[in-house]
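Enquirer:
Residue numbers (our numbering): 73 to 279.
#1: Residue 205 by DSSP, collapsed to three states: which one?
#2: Does residue 161 pass the burial test, meaning 16 or more other C-beta atoms within 10 Å, or should it be called exposed?
#3: Is the separation between the beta-carbon of residue 150 and that of residue 127 shorter than 8 Å?
#4: Taking all protein chains shown into account, do 16 or more other C-beta atoms lie within 10 angstroms of the C-beta of residue 207, making it buried, or fewer, making it exposed?
#5: Quick one: Cα of residue 237 to Cα of residue 261, how far?
#6: What are the boundary residues of the beta strand (DSSP E) that includes residue 156?
#7: Rounded to the nearest angstrom, how far is the Cβ of residue 232 from that of residue 259, given a contact under 8 Å?
#8: Nearest to residue 117 by alpha carbon, out of 134, 148, 163, 75?
#9: Does the contact criterion of 3 or more C-beta pairs under 8 Å hold for the region 80-88 versus the region 145-159?
#10: Is the distance from the Cβ of residue 146 to the Cβ of residue 129 below 8 Å?
#11: In terms of residues, what are the limits of the alpha helix (DSSP H) holding residue 278?
#12: For residue 123 versus residue 78, is the C-beta distance shorter than 8 Å?
#13: Determine the DSSP secondary structure at residue 236, reduced to helix, strand or coil.
#14: What's the gap between the Cα of residue 114 and the Cα of residue 191?
#15: Using the rule of at least 16 other Cβ atoms within 10 Å of the residue's Cβ for burial, across every protein chain shown, is residue 209 buried or exposed?
#16: Do residue 165 and residue 202 have their C-beta atoms within less than 8 Å of each other?
#17: Please classify residue 136 as buried or exposed, where buried requires at least 16 neighbouring CB atoms within 10 angstroms.
#18: Drop a sphere of 10 angstroms on the beta-carbon of residue 63, count the other beta-carbons inside from all chains shown, and report buried for 16 or more, exposed for fewer.
Structure (C-alpha coordinates):
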(Lines of atoms letter the chains of each structure in order from A and count residues from 1; the text may use other names and numbers.)
(Lines give C-alpha, C1' and ligand atoms only; values in the text may rest on other atoms or scores of the structure.)
Protein backbone atom coordinates (compact mmCIF):
# COMPACT_ATOMS: atom_id res chain seq x y z
CA UNK A 1 0.00 0.00 0.00
CA UNK A 2 1.41 3.40 -1.01
CA UNK A 3 1.96 6.25 1.47
CA UNK A 4 -0.71 8.41 -0.17
CA UNK A 5 -3.30 5.65 0.18
CA UNK A 6 -2.32 5.09 3.82
CA UNK A 7 -2.76 8.82 4.49
CA UNK A 8 -6.20 8.80 2.89
CA UNK A 9 -7.32 6.00 5.23
CA UNK A 10 -5.87 7.85 8.24
CA UNK A 11 -7.90 10.92 7.21
CA UNK A 12 -10.99 8.69 7.42
CA UNK A 13 -10.26 7.81 11.06
CA UNK A 14 -8.05 4.75 10.65
CA UNK A 15 -4.96 4.14 12.78
CA UNK A 16 -1.72 3.16 11.07
CA UNK A 17 -0.48 0.43 13.39
CA UNK A 18 2.52 -1.85 13.73
CA UNK A 19 2.35 -4.90 15.99
CA UNK A 20 4.80 -7.63 16.94
CA UNK A 21 3.93 -11.20 17.93
CA UNK A 22 6.46 -13.46 19.61
CA UNK A 23 6.43 -17.21 20.10
CA UNK A 24 8.86 -19.46 21.97
CA UNK A 25 8.95 -23.24 22.15
CA UNK A 26 10.08 -26.41 20.44
CA UNK A 27 10.57 -28.10 18.11
CA UNK A 28 11.55 -25.50 15.51
CA UNK A 29 9.03 -26.75 12.93
CA UNK A 30 6.18 -26.41 15.42
CA UNK A 31 6.76 -22.75 16.30
CA UNK A 32 7.33 -21.85 12.64
CA UNK A 33 4.06 -23.48 11.62
CA UNK A 34 2.20 -21.96 14.58
CA UNK A 35 3.24 -18.37 13.90
CA UNK A 36 2.46 -18.74 10.18
CA UNK A 37 -1.07 -19.91 10.98
CA UNK A 38 -1.47 -17.09 13.51
CA UNK A 39 -0.43 -14.47 10.97
CA UNK A 40 -2.76 -16.00 8.35
CA UNK A 41 -5.66 -15.74 10.80
CA UNK A 42 -4.89 -12.08 11.48
CA UNK A 43 -4.61 -11.19 7.80
CA UNK A 44 -8.12 -12.56 7.28
CA UNK A 45 -9.56 -10.27 9.97
CA UNK A 46 -12.28 -8.02 8.56
CA UNK A 47 -11.42 -5.19 11.00
CA UNK A 48 -8.02 -4.42 9.47
CA UNK A 49 -6.54 -3.34 6.14
CA UNK A 50 -3.23 -5.11 5.68
CA UNK A 51 -0.13 -3.13 4.67
CA UNK A 52 2.72 -5.57 5.24
CA UNK A 53 3.78 -8.65 7.18
CA UNK A 54 7.12 -10.25 7.93
CA UNK A 55 8.01 -13.40 9.85
CA UNK A 56 11.53 -13.69 11.24
CA UNK A 57 13.60 -16.84 10.95
CA UNK A 58 13.43 -18.99 14.08
CA UNK A 59 16.54 -18.82 16.26
CA UNK A 60 17.80 -21.27 18.84
CA UNK A 61 18.17 -20.12 22.46
CA UNK A 62 19.32 -21.64 25.71
CA UNK A 63 17.38 -21.12 28.94
CA UNK A 64 17.88 -22.48 32.47
CA UNK A 65 16.06 -25.74 33.19
CA UNK A 66 13.31 -25.98 35.82
CA UNK A 67 15.64 -27.98 38.05
CA UNK A 68 18.13 -25.11 38.10
CA UNK A 69 21.87 -25.61 38.21
CA UNK A 70 24.10 -25.17 35.20
CA UNK A 71 21.99 -27.28 32.86
CA UNK A 72 20.44 -25.44 29.90
CA UNK A 73 17.38 -26.26 27.82
CA UNK A 74 17.39 -25.52 24.09
CA UNK A 75 14.30 -23.82 22.67
CA UNK A 76 13.41 -21.85 19.54
CA UNK A 77 12.02 -18.33 19.23
CA UNK A 78 10.57 -16.33 16.37
CA UNK A 79 8.46 -13.23 15.86
CA UNK A 80 6.19 -11.64 13.27
CA UNK A 81 5.84 -7.93 12.48
CA UNK A 82 2.55 -6.82 10.95
CA UNK A 83 1.61 -3.36 9.72
CA UNK A 84 -2.03 -2.50 9.09
CA UNK A 85 -4.80 0.08 9.28
CA UNK A 86 -7.67 -0.23 11.74
CA UNK A 87 -10.67 2.01 12.36
CA UNK A 88 -10.44 3.80 15.71
CA UNK A 89 -8.96 3.12 19.13
CA UNK A 90 -11.85 0.92 20.25
CA UNK A 91 -11.26 -1.56 17.42
CA UNK A 92 -7.52 -1.53 18.13
CA UNK A 93 -8.09 -2.35 21.80
CA UNK A 94 -10.47 -5.14 20.77
CA UNK A 95 -7.86 -6.47 18.37
CA UNK A 96 -5.26 -6.52 21.16
CA UNK A 97 -7.63 -8.43 23.46
CA UNK A 98 -8.32 -10.98 20.72
CA UNK A 99 -4.75 -11.55 19.51
CA UNK A 100 -2.52 -10.47 22.45
CA UNK A 101 0.46 -8.97 20.57
CA UNK A 102 3.80 -8.52 22.36
CA UNK A 103 3.96 -4.84 21.38
CA UNK A 104 1.81 -2.22 19.64
CA UNK A 105 2.95 0.99 17.96
CA UNK A 106 0.65 3.62 16.42
CA UNK A 107 2.49 5.16 13.48
CA UNK A 108 -0.23 7.62 12.52
CA UNK A 109 -1.92 9.97 12.93
CA UNK A 110 0.41 12.07 15.09
CA UNK A 111 -2.53 13.29 17.19
CA UNK A 112 -5.72 11.48 18.18
CA UNK A 113 -8.61 13.68 19.31
CA UNK A 114 -11.40 12.21 21.43
CA UNK A 115 -14.83 13.69 22.02
CA UNK A 116 -16.95 12.55 24.97
CA UNK A 117 -18.98 10.15 22.78
CA UNK A 118 -15.81 8.43 21.57
CA UNK A 119 -14.45 8.09 25.11
CA UNK A 120 -17.80 6.74 26.37
CA UNK A 121 -17.95 4.14 23.58
CA UNK A 122 -14.32 3.21 24.19
CA UNK A 123 -14.83 2.69 27.94
CA UNK A 124 -18.02 0.68 27.37
CA UNK A 125 -16.27 -1.55 24.81
CA UNK A 126 -13.35 -2.03 27.17
CA UNK A 127 -15.65 -2.88 30.06
CA UNK A 128 -17.54 -5.40 27.92
CA UNK A 129 -14.31 -7.16 26.96
CA UNK A 130 -13.07 -7.16 30.56
CA UNK A 131 -16.37 -8.65 31.74
CA UNK A 132 -16.15 -11.30 29.03
CA UNK A 133 -12.60 -12.17 30.07
CA UNK A 134 -13.65 -12.25 33.73
CA UNK A 135 -16.50 -14.63 32.89
CA UNK A 136 -14.11 -16.96 31.05
CA UNK A 137 -11.65 -16.95 33.96
CA UNK A 138 -14.42 -17.62 36.48
CA UNK A 139 -15.70 -20.49 34.35
CA UNK A 140 -12.21 -21.99 34.19
CA UNK A 141 -11.87 -21.56 37.95
CA UNK A 142 -15.18 -23.35 38.51
CA UNK A 143 -14.03 -26.18 36.23
CA UNK A 144 -10.76 -26.44 38.17
CA UNK A 145 -12.65 -26.58 41.47
CA UNK A 146 -14.89 -29.34 40.06
CA UNK A 147 -11.89 -31.34 38.82
CA UNK A 148 -10.05 -30.96 42.14
CA UNK A 149 -13.12 -32.08 44.05
CA UNK A 150 -13.53 -35.14 41.80
CA UNK A 151 -9.84 -35.96 42.13
CA UNK A 152 -10.05 -35.72 45.92
CA UNK A 153 -13.08 -38.02 46.00
CA UNK A 154 -11.31 -40.53 43.75
CA UNK A 155 -8.21 -40.64 45.97
CA UNK A 156 -10.27 -40.97 49.16
CA UNK A 157 -12.23 -43.86 47.67
CA UNK A 158 -9.01 -45.47 46.50
CA UNK A 159 -7.65 -45.36 50.06
CA UNK A 160 -10.83 -46.88 51.47
CA UNK A 161 -10.80 -49.69 48.91
CA UNK A 162 -7.11 -50.36 49.61
CA UNK A 163 -7.87 -50.74 53.33
CA UNK A 164 -10.78 -53.12 52.81
CA UNK A 165 -10.34 -56.10 55.19
CA UNK A 166 -6.68 -55.30 55.90
CA UNK A 167 -4.34 -53.02 57.79
CA UNK A 168 -1.66 -51.15 55.89
CA UNK A 169 1.22 -48.81 56.62
CA UNK A 170 1.45 -45.41 54.97
CA UNK A 171 4.30 -46.70 52.81
CA UNK A 172 2.15 -49.61 51.60
CA UNK A 173 -0.80 -47.31 50.85
CA UNK A 174 1.51 -45.07 48.87
CA UNK A 175 2.62 -47.97 46.67
CA UNK A 176 -0.93 -49.24 46.13
CA UNK A 177 -2.30 -45.80 45.22
CA UNK A 178 0.72 -44.73 43.19
CA UNK A 179 0.96 -41.47 45.16
CA UNK A 180 4.05 -40.33 47.13
CA UNK A 181 3.67 -40.52 50.91
CA UNK A 182 3.88 -36.73 51.34
CA UNK A 183 1.12 -36.25 48.77
CA UNK A 184 -1.03 -38.91 50.41
CA UNK A 185 -0.89 -37.52 53.96
CA UNK A 186 -3.55 -34.77 53.51
CA UNK A 187 -6.05 -37.36 52.24
CA UNK A 188 -5.29 -39.73 55.11
CA UNK A 189 -5.86 -36.83 57.53
CA UNK A 190 -9.28 -36.18 55.96
CA UNK A 191 -10.32 -39.81 56.46
CA UNK A 192 -9.04 -39.82 60.04
CA UNK A 193 -10.90 -36.59 60.80
CA UNK A 194 -14.11 -37.99 59.28
CA UNK A 195 -13.61 -41.15 61.38
CA UNK A 196 -13.67 -43.35 58.28
CA UNK A 197 -10.31 -44.90 59.12
CA UNK A 198 -8.28 -45.36 62.29
CA UNK A 199 -4.60 -45.67 63.08
CA UNK A 200 -3.00 -48.23 65.35
CA UNK A 201 0.74 -47.73 65.75
CA UNK A 202 1.98 -47.57 62.12
CA UNK A 203 -1.07 -49.24 60.59
CA UNK A 204 -4.26 -47.76 59.14
CA UNK A 205 -7.55 -49.66 58.95
CA UNK A 206 -11.25 -49.03 58.29
CA UNK A 207 -13.37 -47.82 61.21
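Backbone N, C-alpha and C fix where the C-beta goes; we use that ideal spot for every residue, glycine too.
Expert: Walking through what the data contain:
#1: Taking the first residue of the chain shown as 1, we reach residue 205 at position 133. DSSP places residue 205 in the helix class (H, G or I) of the three-state scheme.
#2: What you label residue 161 is simply residue 89 of the chain shown in a count that begins at 1. Buried, by the Cβ-count rule.
#3: Reading the chain shown from its first residue, position 78 is the one you call residue 150. Reading the chain shown from its first residue, position 55 is the one you call residue 127. Yes, Cβ-Cβ distance for residue 150 and residue 127 is below 8 Å.
#4: Here residue 207 refers to the residue found at position 135 of the chain shown. Exposed, by the Cβ-count rule.
#5: Within the chain shown, residue 237 is the residue found at index 165, counting from 1. Within the chain shown, residue 261 is the residue found at index 189, counting from 1. About 20 Å.
#6: In the chain shown, the residue the question calls residue 156 occupies position 84. Looking at the DSSP string, the run of the beta strand (DSSP E) that includes residue 156 is 144-159.
#7: In the chain shown, residue 232 corresponds to position 160, counting from 1. In the chain shown, residue 259 corresponds to position 187, counting from 1. Contact doesn't hold; Cβ gap of about 10 Å is too wide.
#8: The sequence position of residue 117 within the chain shown is 45, counting from 1. The residue among 134, 148, 163, 75 with its C-alpha nearest the C-alpha of residue 117 is 163.
#9: When C-beta atoms of the region 80-88 are compared with those of the region 145-159, three or more pairs fall below 8 Å, so the two segments count as touching.
#10: Mapped onto the chain shown, residue 146 falls at position 74. Mapped onto the chain shown, residue 129 falls at position 57. No. Outside cutoff.
#11: Position 206 of the chain shown, counting from 1, holds the residue named residue 278. Careful: residue 278 lies outside any alpha helix (DSSP H), inside the beta strand (DSSP E) at 275-278.
#12: Your numbering for residue 123 matches position 51 in the chain shown. Your numbering for residue 78 matches position 6 in the chain shown. Yes, they are a contact pair.
#13: Here residue 236 refers to the residue found at position 164 when the chain shown is read from its first residue. In the three-state DSSP reduction, residue 236 falls in the coil class, being neither helix nor strand.
#14: On the chain shown, position 42 is the one that residue 114 refers to. On the chain shown, position 119 is the one that residue 191 refers to. Using only the alpha carbons, I get a separation of about 26 Å.
#15: By one-based count along the chain shown, residue 209 stands at place 137. Residue burial is scored here from C-beta neighbours: residue 209 has fewer than 16 other C-beta atoms within 10 angstroms and is therefore classed as exposed.
#16: As a first step, residue 165 must be located in the chain shown, where it is residue number 93. As a first step, residue 202 must be located in the chain shown, where it is residue number 130. Judged by beta-carbon spacing, residue 202 lies beyond the 8 Å limit of residue 165, meaning their Cβ atoms are not closer than that value.
#17: Taking the first residue of the chain shown as 1, we reach residue 136 at position 64. Exposed, by the Cβ-count rule.
#18: The structure shown has nothing for residue 63, since the chain only spans 73 to 279.
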